[in-house]
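What follows is one structure encoded as structure tokens, with my remarks underneath.
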Amino acid sequence: MTDNQINQLVTQAQQGEQHAFSNIVKLYQQKVFRYCYAMLANQQDAEDLTQDTFIRAYKSLSHYSHEDNFVGWLLTIAHRLCLNKLKKNNRLYALLQKLYLEQSPTYTDEPESHHNDYIFTLLNSLKPKHRAVVIFKVIHGFSYEEMSRILQDNPTKLRKQYERAKKALQKKSTTIEKIIEGGEAYEYRPNLRTTNS
Amino acid sequence: MSTVQTLEQQIANINMPETDIHDKVMESISSTQLQKKHPVNTKLLIAASISILLILGSGFASFQYIILYNDKGEQTLNIQPYSSTEKSPDYPKQYLDLIAEGEAIAIYDPNNNDNKLITVSSKAKTYNDWNTFINDVENSYPIPTTLPDSYTFISGTIAYAAKFPDTDKLIQESVDNGHIITYEKVDTYDKIAHITITLTKQDHQYIVSMNEGQTTDTLFTDHINSPKVQKININGVEAFVATKASETNVIWRSSKEDGDNIYSISTTNTSSDVNEEIKAILLMFIQLD
Chain A
1 MTDNQINQLV TQAQQGEQHA FSNIVKLYQQ KVFRYCYAML ANQQDAEDLT QDTFIRAYKS
61 LSHYSHEDNF VGWLLTIAHR LCLNKLKKNN RLYALLQKLY LEQSPTYTDE PESHHNDYIF
121 TLLNSLKPKH RAVVIFKVIH GFSYEEMSRI LQDNPTKLRK QYERAKKALQ KKSTTIEKII
181 EGGEAYEYRP NLRTTNS
Chain B
1001 MSTVQTLEQQ IANINMPETD IHDKVMESIS STQLQKKHPV NTKLLIAASI SILLILGSGF
1061 ASFQYIILYN DKGEQTLNIQ PYSSTEKSPD YPKQYLDLIA EGEAIAIYDP NNNDNKLITV
1121 SSKAKTYNDW NTFINDVENS YPIPTTLPDS YTFISGTIAY AAKFPDTDKL IQESVDNGHI
1181 ITYEKVDTYD KIAHITITLT KQDHQYIVSM NEGQTTDTLF TDHINSPKVQ KININGVEAF
1241 VATKASETNV IWRSSKEDGD NIYSISTTNT SSDVNEEIKA ILLMFIQLD
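Residue numbers (the numbering used here), protein chains in the order written: chain A, 1 to 197; chain B, 1001 to 1289.
Below is the structure:
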């Protein structure tokens, strides 16, 4: 779909045509979900926040300016919701940390699940803002300019953050591999939910 | 041994599940009327068959505007007068006879309808037994399992959220046939859009209406024109109270912690203790055991 077609859909949605917004949801739900899932490492939470993102976007359509990139605008909403969710999870994590640290990581035998757990352990070791930069850069393939509009930071600073995050990931990865080889338990941050935890 | 390049590739190759939240989003948007600040050519009014919430009463109001706040200074609800140029949701009642309980109908009346307002009305299911009623409401709205002895349950209704109608088709059919009223049956979701509970205590009747608040910022009412309009504080959140000669009407939105629902209470009680009575009823629905 071209930028013009997307703009047309957004204009129709702004005029109250829900079928246009329905098409927008279909078009971008996976993209928003990919970001939320990578940030939160929990499918249910990611789906809930993806849903919230579109509901908030619908309510705020009048504030959207066509000079902005629509996907970027959606992801800005998703990003803020993810940061809020992570703050809540962190508070819960602080309470439950002692309990979880006594447990060994519970990897399954499925290679895909193992791969995701490993990646999430790495990503979760980053500060949320650095994690967002890595996800936008590596999973979404955004340029620093594009990221700067979503994260509302300057591109040079984001480039530095990405370089620092890469080094931190490398260090964490090496640590994990050494511990796994030694057969010891390591700090594993579980996927926390705000409910049913 | 992993390299940085490998790590980037591994992150890029993370196993990403597919998701489909489309219906949930559209259901949420459709189940409650959304008022937009930008100009619209076609508006959709979602109303339950016995709705006293979206548009309360049928008179015409002069311009006023009331905003309710919570104790944190956050805005919880805008209350605006109902415009006389738009249609009352009362008029589709005759069309509700065309559908069964639990179904919905969309009606377009071109007369005095500059905004091309389309009303979607869900025909509520009616219950006369409390246990059956709370069983069907399940966890959609917070209601107590039993009522205090001082209250008598008279009836309850459940209306289901309607799906979005084909608005263009309804309007075009109307134009093609000489601007007649057009209507079509609309499918409903399993989600409950609106419930009402009619109670009595002593000689007074109370009709409690609940809608989810998530997608509603503005409610329209002509009670804003009542002889006595005031705000009272219930559980840290302001409520709008309008008193007429023979009835009192209250609109209140519970906090997110209490479910973020919009409550409307209409009662024949106009005595001096009515505010306390209404507070007690609202707390009965949010302070569950």
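Beta carbons: idealized from backbone N, C-alpha and C, even for Gly. Bear in mind that the values here come from a model prediction, so they are computed numbers and not experimental data.
| Item | Value |
| --- | --- |
| A:R34: contacting residues in chain B (beta-carbon distance under 8 Å) | M1016 |
| Partners in chain B for A:L81, counting only beta-carbon separations shorter than 9 Å | Correct list: empty, because the minimum Cβ distance to chain B is about 13 Å. |
| Touch test, the segment 71-79 of chain A against the segment 38-53 of chain A, Cβ-Cβ under 8 Å, three pairs minimum | yes |
| Reduced DSSP secondary structure (H/G/I, E/B, other) of B:D1190 | strand |
| B:T1126 at chain A interface by Cβ criterion, 8 Å | no |
| Opening and closing residue of the beta strand (DSSP E) in which B:H1204 lies | H1204 to E1212 |
| Counted within 10 angstroms of its Cβ, other Cβ atoms place B:L1098 as buried (16 or more) or exposed | exposed |
| Same chain only: Cβ atoms within 8 Å of B:T1188, ignoring 5 sequence neighbours per side | G1102, E1103, A1104, S1122, Y1160, A1161, A1162 and K1163 |
| Contact between the segment 1004-1014 of chain B and the segment 116-129 of chain A (3+ Cβ pairs under 8 Å) | yes |
| Listed by chain order, chain A residues near B:L1007 by CB distance under 8 Å | L122, K166, L169, Q170 and S173 |
| Amino acids of chain B, ordered along the chain, whose beta-carbon sits closer than 7 Å to that of A:V138 | E1008, I1011 and A1012 |
| Assigned secondary structure, B:K1072 (DSSP; H/G/I helix, E/B strand, else coil) | coil |
| Beta-carbon proximity check, B:I1021 vs A:Q51, cutoff 8 Å | yes |
| C-alpha distance - B:N1269 paired with B:H1204, whole-angstrom precision | 6 Å |
| C-beta neighbour in chain B for A:V133, strict 8 Å | no |
| Contacting positions in the segment 24-54 of chain A - beta carbon closer than 7 Å to chain B | V25, K26, Q29, Q30, F33, R34, Y37, A38, Q43, E47, T50, Q51 and F54 |
| For A:T53, the nearest candidate out of B:T1200, B:S1028 and B:I1066 (CA to CA) | B:S1028 |
| Within chain B, partners of A:N116 - CB distance below 7 Å | I1014 and N1015 |
| Own chain, CB closer than 7 Å to A:N4, minus 5 neighbours either side, in chain order | none |
| Proximity test, B:A1100 beta-carbon vs the ligand FMN heavy atom, cut-off 7 Å | The ligand FMN is not among the ligands present in this structure, which contains no ligands whatsoever. |
| Assigned secondary structure, B:I1281 (DSSP; H/G/I helix, E/B strand, else coil) | helix |
| Environment of A:G16 [buried if 16+ CB atoms lie within 10 Å] | buried |
| Closest Cα partner of A:I24 within the set A:R34, A:A46, A:L49 and A:A57 | A:A57 |
| Where B:I1021 meets chain A, residues with beta-carbon distance less than 8 Å | V25, Q29, F33, E47, T50, Q51 and F54 |
| Residues within the segment 1-15 of chain A neighbouring chain B, beta-carbon criterion of under 7 Å | Q14 and Q15 |
| Simplified DSSP state of B:A1100, which is helix, strand or coil | coil |
| Residue(s) in a DSSP beta bridge with B:L1219 | B:I1079 |
| Contact with chain B by A:Y58, beta-carbon distance below 8 Å | yes |
| Min CB distance B:S1058 to chain A below 8 Å | Only weak support exists for where B:S1058 lies, its pLDDT of 29 falling under 50; the value from the coordinates is given anyway. Not one chain A Cβ lies under 8 Å of B:S1058. |
| Endpoints, the alpha helix (DSSP H) within which A:S22 is located | Q18 to L40 |
| Same chain, Cβ closer than 7 Å to A:Y162, neighbours up to 5 away in sequence not counted | V133, V134 and K137 |
| Residue range of the alpha helix (DSSP H) that includes B:N1249 | Here B:N1249 belongs to no alpha helix (DSSP H); instead the beta strand (DSSP E) covers T1248 to R1253. |
| For B:I1281 and B:I1265, believed in contact at Cβ under 8 Å, the rounded distance | 6 Å |
| 8 Å Cβ cutoff met for A:S62 and A:Q12 | no |
| Per-residue burial, B:G1057 [other beta carbons within 10 Å of its own, 16 or more giving buried] | Because the pLDDT of B:G1057 is 32, which lies under 50, any placement of that residue in the model is unreliable, and the number read from its coordinates should be weighed accordingly. Buried. |
| Three-state secondary structure assigned by DSSP to B:A1124 | coil |
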